[in-house]
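With the sequence shown counted from 1, adding 2 to any position gets you this note's numbering.
Presented below is the structure to which this report refers.
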Amino acid sequence: GLHKPSCMHIALTLRHAQPGVKERFITDLKTAIDHVKAHPEEKGSMAPIYGMAATIPMRGLVSDMLKKYLDLIFKV
3 GLHKPSCMHI ALTLRHAQPG VKERFITDLK TAIDHVKAHP EEKGSMAPIY GMAATIPMRG
63 LVSDMLKKYL DLIFKV
């Protein structure tokens, strides 16, 4: 998982190799970091889901629960 140790995952594809994408990504990332630093009180709603998932030893159960959760929040 991406929580032990804490880390970040970034997937890159050929589309990301287009001219200007790297520069825009860096600019957007810096803007996002500045925003988080300026507004530490603003929090998303997914942290409890990931925190709970990290404490359950039965990985299959975690996978099943997360799939059901995503099905609920992404109804078409």
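Cβ atoms here follow ideal geometry from the backbone N, Cα and C, with glycine treated the same way.
Comparing alpha-carbon positions, the option among L63, V64, D73, L31 lying closest to M10 turns out to be L31.
In the displayed model, A34 falls within a helix according to three-state DSSP. For S47, there is no enclosing alpha helix (DSSP H), as DSSP marks it with neither H nor E.
Non-local C-beta neighbours of G62 in its own chain, meaning closer than 7 Å and more than five positions away in sequence, are absent.
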